[in-house]
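Data block below; observations after.
Protein chains: 2
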Amino acid sequence: MPWLPTPREPLLRVAVTGGTHGNEMSGVYLARHWLQCPEELRRPSFSAIPILANPEASAACSRYVGQDLNRSFTSAVLTSRATSNDPYEVTRARELNQWLGPKASGQAFDFILDLHNTTANMRACILANSDCCAFAMHMCHYLQLQNPELPCHVIHYQSGETFSLQSVAKMGLSLELGPQPQGVLQADIFSQMRALVASSLDFIELFNQGTGFPAFEMEVYRHCGEEDFPRTEAGDLAGIVHPQLQDQDFEPLQPGAPIFQLFSGEEVLYQGDRTVYPMFINEAAYYEKHMAFMKTEKTSILVPALPPLPAAAPIQTP
Amino acid sequence: MPWLPTPREPLLRVAVTGGTHGNEMSGVYLARHWLQCPEELRRPSFSAIPILANPEASAACSRYVGQDLNRSFTSAVLTSRATSNDPYEVTRARELNQWLGPKASGQAFDFILDLHNTTANMRACILANSDCCAFAMHMCHYLQLQNPELPCHVIHYQSGETFSLQSVAKMGLSLELGPQPQGVLQADIFSQMRALVASSLDFIELFNQGTGFPAFEMEVYRHCGEEDFPRTEAGDLAGIVHPQLQDQDFEPLQPGAPIFQLFSGEEVLYQGDRTVYPMFINEAAYYEKHMAFMKTEKTSILVPALPPLPAAAPIQTP
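Going down the list, the sequences are from chains U and H.
The end of the first sequence is residue 332 by our numbering, with every number in the run present.
The end of the second sequence is residue 332 by our numbering, with every number in the run present.
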């Protein structure tokens, strides 16, 4: 795969964003806590800025109030003229783009780490755009090595126009932890997310201080499609995720295996022609997106070495 | 405890209500399914009516749109004059009271079985008002015997004015199944709820056909208080349910045991002076009600025999 260039200067402008979806509580409360106690995000060479990305949705404890903020960072949204009828998240996306971007510009933040929860049994995983840079993959690898008790699987989204909050910065990743119900804070997931953020900042600090990292091979799950629930002619749900598929995120799904149970009692079998690895199985927020689960292929990628910064690179302490 | 009189006639007017909270999906989808296929609720002596109790909240997949419907069946709400500013659930409570009540009248339905989910690890349990009748406790006992794989614990709410949907009928119970995130349908919980509803209707059928049931002793959990989250001076959350308490619903909580973990890392210990049994630990819907968990006492009650209906009682087939 083609790799975007790795940074040749220290990363000084870093943001950690929580509450992009206002009912994903680990990020909401970590952001609120860090806004009061920002020292946890300080490292010798930089300080990451905590941001509550969607304050109105967080106050309402809902995913969004007008539209999904994490699908709003497209050039169509960011460059169109503001009107009084814009949904709140359109306005907020433009604000965040002014603050952390502008997207795809030299002024953009160096890195955004965006914090999410899922109701699916995804445990701890990391989402990246498939055309991301080797730097982000080295950070993933570091998280895996530093947190061996967590799976820290890496998922690559399909390429195409990016739309997520993290895409505003020059580089970015999303942490996705579950299962956790919407509107609930669970101590174990809260602690895991906090530890992963700390490791991410530690990795940036190592890089800023001149550490290089060797090439390595990494297993990634690459998005290759989606599966909707069975539906009635009127579009209502006609069934439910099969108990044999529920909670089996990251496990292989073979053609012919049961994936849904109709309310009438019948089973629906997977019709695909090859093994896939389902993700976000039965995620609450994806019912409205007509996705019962995401399909991925498991593949292996060779990530090139991350060369150390030139010794002369100035480390500015902000 | 004093017992209300047991019925002396067959129960012919029975309702099964789902979607009283629109994001508790088992009841929402069972009600929708039964409205299409009502035969599952038929028994020889009666047919239970399926009702989607809060259609607007179910369409929005939210607990409520204006106020909590399941706290709206008070005499203040039901007897006050309608205005154009009434929240949707106030109007809907009056409609349901006209249909299934009027509450506390001879015209009221014989039985309402109301279906709920919780994000807490409550498994399958049954909620009753503490001044309920022996008939309802015999139904609970029957559910326990017929579904030995489920705990089917019984919880008694404090007496006082009733406010729940089930209180509109002469008798009623709520089924509460979890853990299930809001907005998610899980196959195992869906099947358990469906089986418990079937057993409940079977019990009514046995009673209608003239079966009597002997006295028995039953363990119940009696509501005795609530515990809020630790909060900042501004009222925001200052901590999270302690990992040692999370998911420990129905387990004894001793004075001095840790119940919360502050974001700063400190532990908060339980200050009570006696052992309690926590319920609804970390339920999403109760954050706004300032309840991190409900406290109950475990006690044993002697339920008197349920005498058979007189042989001459006419069984009308509707």
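Backbone N, C-alpha and C fix where the C-beta goes; we use that ideal spot for every residue, glycine too.
None of these values were measured; they are calculated from a predicted model.
Around the beta carbon of Gly192(H), a 10 Å sphere encloses 16 or more other beta carbons of the protein chains shown; the residue is thus reported as buried.
Here the segment 217–237 of chain H lies against the segment 318–325 of chain H, with 3 or more beta-carbon pairs under 8 Å apart. Segment contact: the segment 176–185 of chain H against the segment 271–279 of chain U, fewer than three CB-CB distances shorter than 8 Å; contact not assigned.
In the three-state DSSP reduction, Glu70(U) falls in the helix class (H, G or I). Rounded to the nearest whole angstrom, the C-alpha separation of Gly115(H) and Pro19(H) is 19 Å. Any Cβ of chain U closer than 8 Å to the Cβ of Pro228(H) would place that residue at the interface, and such an atom is absent. Arg46(H) sits in a helix when the DSSP states are folded into three classes.
Put simply, the backbone Cα of Tyr284(U) is about 14 Å away from that of Glu265(U). DSSP places Asp287(H) outside any alpha helix (DSSP H), giving it a letter other than H or E.
For Gly192(H), the three-state secondary structure derived from DSSP is strand. Across the segment 201–235 of chain U, CB contacts with chain H closer than 7 Å involve Ala201, Asp202, Phe204, in sequence order along the chain. Chain U has no Cβ within less than 8 Å of the Cβ of His170(H). Burial check for Pro24(U): the Cβ neighbour count within 10 Å reaches 16 or more, so the residue is buried.
Annotated three-state conformation of Cys75(H) is coil, per DSSP.
Contact check for Asp263(U) and Pro244(U): beta-carbon distance about 20 Å, past the 8 Å limit, so the pair fails to qualify. Taking the Cα positions, Ala306(U) is about 11 Å away from Gly253(U).
Pairwise C-beta distances place the segment 96–107 of chain U in contact with the segment 75–87 of chain U, as three or more of them are shorter than 8 Å.
When the beta-carbon positions are compared, Arg22(U) and Leu323(U) come within less than 8 Å of each other. A straight line joining the alpha-carbon of Asp145(H) with that of Ser173(H) spans about 6 Å. At least one CB of chain U lies nearer than 8 Å to the CB of Thr133(H).
If you check the CB distance, His130(H) and Gly41(H) come in under 8 Å. Between the segment 187–206 of chain H and the segment 107–123 of chain H, the count of C-beta pairs closer than 8 Å stays below three; the two stretches do not touch. Not one beta carbon of chain H lies nearer than 8 Å to the beta carbon of Arg56(U). Contact annotation: in the segment 237–258 of chain H, residues whose CB is within less than 8 Å of a CB in chain U are Asp250, Leu251, Ile254, Val255, His256, Pro257. Counting only the Cα atoms, Lys117(U) lies some 42 Å from Ile295(H).
Near chain H, meaning a CB-to-CB distance below 9 Å, the residues of the segment 44–77 of chain U are Leu44, Arg46, His47, Gln50, Cys51, Cys75, Ser76. Within the segment 168–197 of chain U, contact with chain H at the beta-carbon level (separation under 9 Å) is assigned to Pro193, Gln194, Pro195, Gln196, Gly197. Not one beta carbon of chain U lies nearer than 8 Å to the beta carbon of Leu18(H). Straight across, the Cα-Cα distance linking Ala150(U) with Phe217(U) is about 10 Å. Using a CB distance below 9 Å, the part of the segment 292–305 of chain H facing chain U consists of Asn296, Glu297, Ala298, Ala299, Tyr301, Glu302, ordered along the chain. In this structure, DSSP gives Ala138(H) an extended state, which the three-state scheme calls strand. According to the DSSP assignment, Asn131(U) belongs to the beta strand (DSSP E) that extends over 125–131. With contacts defined as CB atoms closer than 8 Å, Ser213(U) and Leu127(U) fail to qualify as a contacting pair. The Cβ atoms of Gly36(U) and Tyr78(U) lie closer than 8 Å to each other. In the structure shown, Glu302(U) adopts coil according to DSSP, grouped into three states.
Taking a Cβ-Cβ cut-off of 8 Å, the neighbours of Leu199(H) in chain U comprise Leu251, Ile254, Val255, Asn296, given in sequence order.
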